[in-house]
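The structure appears right after this line, and notes come after that.
Residue numbers (the numbering used here): 362 to 525.
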């Protein structure tokens, strides 16, 4: 038993006859080339570039322009705040590294909260929804804070006081 393919299927997938090297007029219209009444008009076919997103989805790569992927965010603590610009595709771990230079807290001692939830170091800013002029809360990890207080108490009790 033989299976026959339709002529339309054959033309679309390269099995049928072509009138020229650009394909048939129907093929060009399907590709979005528009009206080809002019002999001088040509269809520009750009190669599609693909990228793999952190979630594992394969998507068409966006047009990259200078400065568009930088966002400015406000990181606030209880005492003060810091305005800084960072790439939207950065992770919260990279943000912690930048904040360690500004605050003096090691990245392990920092806890970053966005929209009321603590964020992990491997989460991406743009995937969570951090945008232009958004606020991120920086807290010191209570375990490290308690350890620092205990170390200060040990230093003060281990040093004898000399009264004259």
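Idealized CB from N, CA, C, for every residue including glycine.
Note that the structure is predicted; figures quoted are calculated from it, not measured.
- Boundaries for residue 469: no beta strand (DSSP E) harbours it, and the DSSP string shows neither H nor E there.
- 7 Å or more divides the Cβ of residue 453 from the Cβ of residue 423.
- Sequence-distant Cβ neighbours of residue 414 in its own chain, meaning closer than 7 Å and more than five residues away, are 420.
- Under the criterion of beta carbons closer than 8 Å, residue 449 and residue 473 do not qualify as touching, at roughly 16 Å.
- Annotation for residue 453: the continuous alpha helix (DSSP H) segment containing it runs 453-464.
- Around the Cβ of residue 457, a 10 Å sphere holds 16 or more other Cβ atoms; the residue is buried.
- Note on geometry: alpha-carbon atoms of residue 484 and residue 475 lie some 11 Å from one another.
- In this structure, the straight-line span from the alpha carbon of residue 435 to that of residue 418 is close to 30 Å.
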